[in-house]
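In the UniProt record's numbering, the protein residues as written are 1 to 121.
Just so you know, even glycine gets a beta-carbon here, dropped at the ideal spot from N, CA and C.
Here's the structure, in structure tokens; my notes come after.
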């Protein structure tokens, strides 16, 4: 069974996770592989990970997200996260990854934010 589902919405490749808890090492490897394969699918250079329903993930999964971030940067793909649960957000805050990843509260806001420059960008 696939660990993720991919849809394209308004030129953004949106990845949804199948599991509420991403803890098993084999499943993490599968998720990591599926996320890496999503990068070349982002032909418009926009990738959104929707964490709806994900309540826990292990530190090994965090390292997969960091690797994905590097792959996106290398491919010129803009990556964002949305609908991150309080538990997962806490992990991002502890690891300071909330400063690295662009995290939006809702999918529609995340999709709308692609391609918009900040005041200083």
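(request) Take residue 39 as the anchor and find which of 110, 28, 78 has the nearest alpha-carbon. (result) 78
(message) Looking only at its chain, what residues have a beta carbon closer than 6 Å to the beta carbon of residue 2, apart from the 5 residues adjacent to it on each side?
(response) none
(request) Measuring alpha carbon to alpha carbon, tell me which of 103, 94, 50, 100 ends up nearest residue 20. (result) 50
(request) Please name the residue in 99, 5, 11 whose C-alpha comes closest to that of residue 111. (result) 11
(request) Kindly identify the DSSP beta-bridge partner or partners of residue 81. (result) 49, 103
(message) Need the endpoints of the beta strand (DSSP E) that residue 93 sits in, please.
(response) No beta strand (DSSP E) contains residue 93, which is instead part of the alpha helix (DSSP H) from 86-94.
(message) Please tell me whether residue 22 and residue 15 are closer than 7 Å, where the distance is taken between their beta carbons.
(response) no
(request) Output the distance between the C-alpha atoms of residue 70 and residue 27, rounded to the nearest integer angstrom. (result) 21 Å
(message) I'd like the list of long-range same chain contacts for residue 61, defined as Cβ closer than 6 Å, with 5 residues on each side in sequence excluded.
(response) 22, 28
(request) Name the residue from 72, 55, 101, 53 whose alpha carbon lies nearest to the alpha carbon of residue 35. (result) 72
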